[in-house]
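Student: Residues 47 to 306, numbered by this note's numbering, are exactly what the sequence shown covers, in order. Yeah, the Cβ is synthetic: ideal placement off N, Cα and C, and Gly gets one too. Note that the structure is a prediction, hence the values are computed from the model and not measured. What follows is a structure written as structure tokens; I'll ask about it next.
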Amino acid sequence: MAAILLLVDGLRPDTLSLVDAPQIAGLMRRGASSLQARSVTPSITLPCHVSIFHSVPPQRHGVMTNAWQPMARPLPGLIEQAKQAGKRCYFFHNWEPLRDLNRPEMLELSFYQNTCYTPEGDLTIAEVAAQRIAADRPDFAFVYFGTVDVAGHQFGWMSEAYLRQIERVDKGVGMVLDALQPEDVVLLQSDHGGHDRTHGAELAEDMLIPWVVAGPGIRRNYIIQTELTLLDTAPTLARILQIPAHPQWEGRCIDEIFET
Numbered sequence: 047m048a049a050i051l052l053l054v055d056g057l058r059p060d061t062l063s064l065v066d067a068p069q070i071a072g073l074m075r076r077g078a079s080s081l082q083a084r085s086v087t088p089s090i091t092l093p094c095h096v097s098i099f100h101s102v103p104p105q106r107h108g109v110m111t112n113a114w115q116p117m118a119r120p121l122p123g124l125i126e127q128a129k130q131a132g133k134r135c136y137f138f139h140n141w142e143p144l145r146d147l148n149r150p151e152m153l154e155l156s157f158y159q160n161t162c163y164t165p166e167g168d169l170t171i172a173e174v175a176a177q178r179i180a181a182d183r184p185d186f187a188f189v190y191f192g193t194v195d196v197a198g199h200q201f202g203w204m205s206e207a208y209l210r211q212i213e214r215v216d217k218g219v220g221m222v223l224d225a226l227q228p229e230d231v232v233l234l235q236s237d238h239g240g241h242d243r244t245h246g247a248e249l250a251e252d253m254l255i256p257w258v259v260a261g262p263g264i265r266r267n268y269i270i271q272t273e274l275t276l277l278d279t280a281p282t283l284a285r286i287l288q289i290p291a292h293p294q295w296e297g298r299c300i301d302e303i304f305e306t
């Protein structure tokens, strides 16, 4: 069994009823989902990702902008917990600051290519991720798609170009899904939304994100009732990977999504 985290940067949940995104829609039908999950403050890409992988808010880890700095009070994240448990973890991404999300020598493979500023750039990441996941069968893989956020900054959130970019990235999601085995579990989410040509405020447009989990043992076509945030991703993935959550993590496993 592999656990796959797909992250579409800057994806607002209210777009999913406006676009033709059959891969994401299919995940929602065969899994558990929320379109009311919340980001953290500030709702900026790097602080959000540090919170996703370390299950603490920016006020705790200290990364407040997209310029990396060492965590104010370091603690192990999901990758460190997985490595300690003997799990093999892969990263695929097209925004370079994400290389600092875990300590050195924690990953078995890290693939980065600067493609997030070209419309087809996420498909490059998807193709490489699909090939390596199918061939190597890692225990955990993180696949990051950055072009939707770039389209939001260039053309505006909810613009026609932004919506069409979501549809393009949905094809990349499908490429990764096609490489998986029936026993694999997928969690797809965003880090933040956006408004006008920016994000980072405490507006609903910036703070609300989609959060979707599908796979064996996950409730099907189920709407999650409990409130959840970015901090809940790592504890939930820890349960899926059957590894311990770190005691300093502040999020919780969303037990509601599991059939038993």
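Please determine if the segment 70 to 87 and the segment 252 to 268 are in contact, where contact requires at least 3 C-beta pairs separated by less than 8 Å.
Tutor: yes
Student: Taking A172 as the reference, give the member of F186, F157 and D146 with the closest Cα.
Tutor: F157
Student: Quick one: which unbroken alpha helix (DSSP H) runs of 4-plus residues sit fully inside the segment 144 to 219? Chain order, please.
Tutor: 167 to 182 and 193 to 201
Student: Taking 8 Å as the threshold (C-beta atoms), are V258 and Q235 in contact?
Tutor: yes
Student: By DSSP, does L274 sit in helix, in strand, or in coil?
Tutor: coil
Student: Report buried or exposed for I269, applying the criterion of at least 16 other Cβ atoms within 10 angstroms of its Cβ.
Tutor: exposed
Student: Which first and last residues belong to the beta strand (DSSP E) in which C135 is found?
Tutor: C135 to H139
Student: Roughly how many angstroms lie between the CA atoms of R298 and R210, to the nearest whole one?
Tutor: 34 Å
Student: So is Q115 buried or exposed if we call it buried at 16+ other beta carbons inside 10 Å?
Tutor: exposed
Student: Does the beta-carbon of Q294 have 16 or more other beta-carbons within 10 angstroms, so that it is buried, or is it exposed?
Tutor: exposed
Student: Would you please state the rounded distance, in angstroms, between the beta carbons of A176 and A225? I believe it to be under 8 Å.
Tutor: Confirmed, Cβ separation roughly 4 Å.
Student: My understanding is that S97 touches H245, with C-beta atoms under 8 Å, so please give their C-beta distance in whole angstroms.
Tutor: The pair is not a contact, with the Cβ atoms about 15 Å apart (cut-off 8 Å).
Student: Check whether the segment 57 to 74 and the segment 215 to 222 are in contact - that is, three or more C-beta pairs closer than 8 Å.
Tutor: yes
Student: Just to confirm my understanding: we take G263, look at its own chain, exclude 5 residues before and 5 after, and list those with CB closer than 8 Å. What are they?
Tutor: V231, F304, E305 and T306
Student: Where do the ends of the beta strand (DSSP E) carrying V96 lie?
Tutor: Premise fails: V96 lies in the alpha helix (DSSP H), T91 to H100, not in any beta strand (DSSP E).
Student: Give, in chain order, every unbroken run of the beta strand (DSSP E) that is at least 3 residues long and sits entirely within the segment 220 to 299.
Tutor: 231 to 235 and 254 to 260
Student: Evaluate contact between the segment 188 to 199 and the segment 129 to 149, counting only Cβ atoms and requiring at least three cross-stretch pairs below 8 Å.
Tutor: yes
Student: If you reduce the DSSP assignment to three classes, tell me which class G72 lands in.
Tutor: helix
Student: Write down the C-beta distance between N148 and F99 rounded to the nearest angstrom, noting that I regard them as a contact closer than 8 Å.
Tutor: So it is a contact: roughly 7 Å between Cβ atoms.
Student: Starting from Q82, trace the beta strand (DSSP E) both ways and give me its first and last residue.
Tutor: G77 to R84
Student: Can you grab the Cα-Cα spacing for the pair P143 / I125, in whole Å?
Tutor: 16 Å
Student: What are the start and end residues of the beta strand (DSSP E) that includes L57?
Tutor: That residue, L57, is in no beta strand (DSSP E); it is neither H nor E in DSSP.
Student: Where H238 and V54 are concerned, what is the direct C-alpha to C-alpha distance, given to the nearest angstrom?
Tutor: 9 Å
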